[in-house]
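Asker: Could you have a look at this structure, given as structure tokens, before my questions?
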Amino acid sequence: MSALLSGSASYLGEAHFQGKLYRIDYYPGVVASDHPEDLVVGDVFQLQSPDVTLPELDDYEGIGPAYEEPYEYERCLLPVTLTNGQTMRCWIYLYRYSVEGLERIADGDFLAHKGI
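Structural data, given as structure tokens:
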């Protein structure tokens, strides 16, 4: 993922999204939340060629004709807030399956949870 983005995107900064973060397995899943205190931390990148890069990101997330439906994730254009307070809409991959019984990562930071 980082190799794909490093060659085709500019890093804009860290942001938060109103959602809940879960450990699916060795990877995370995010679901939207109606509660303002539920925040998920992530990085925002500006894609140089979205028409090229978004299908590659979809493929990484298992979305598209090569994959069986229902897909595990859905790409949605949603508001995020950068650390400088700027709000913008970004593509976010939301988890579509049930989160019942999954470990919730309450602080919303998967990398910190993994110790990275």
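Residue numbering for the sequence shown follows the working numbering, starting at 1465 and increasing by one per position.
Every residue, glycine too, gets a C-beta built ideally from N, C-alpha and C.
Model, not experiment: these values are computed from the prediction.
Could you tell me whether the stretch 1472 to 1481 touches the stretch 1502 to 1522, where touching means 3 or more Cβ pairs closer than 8 Å?
Answerer: yes
Asker: Is DSSP giving alanine 1570 helix, strand or coil here?
Answerer: Within the sequence shown, the letter at position 106 stands for residue 1570. Looking at alanine 1570 - three-state DSSP - the assignment turns out to be coil, as it is neither helix nor strand.
Asker: Look up tyrosine 1531 in the DSSP assignment and say whether it is helix, strand or coil.
Answerer: Your numbering for residue 1531 matches position 67 in the sequence shown. In the three-state DSSP reduction, tyrosine 1531 falls in the coil class, being neither helix nor strand.
Asker: Pairs of beta-carbons, one from the stretch 1555 to 1562 and one from the stretch 1530 to 1541, closer than 8 Å: are there three or more?
Answerer: The stretch 1555 to 1562 vs the stretch 1530 to 1541: in contact.
Asker: The beta strand (DSSP E) with glutamate 1478 in it runs from where to where?
Answerer: As a working mapping, residue 1478 is identified with position 14 in the sequence shown. It spans 1473 to 1487 - the beta strand (DSSP E) in which glutamate 1478 sits, taken as one unbroken run.
Asker: Is glutamine 1482 close to chain D, meaning its C-beta is less than 7 Å from at least one C-beta of that chain?
Answerer: Although the question refers to chain D, the structure presented lacks it and comprises just one protein chain.
Asker: List the residues that DSSP assigns as beta-bridge partners of aspartate 1507.
Answerer: As a position in the sequence shown, residue 1507 is number 43, starting the count at 1. Its beta-bridge partners are Glu1478.
Asker: Tell me, please, which residues DSSP counts as bridged to glycine 1549.
Answerer: Here the question's residue 1549 lines up with position 85 in the sequence shown. Residue pairing by DSSP leaves glycine 1549 without any beta bridge partner.
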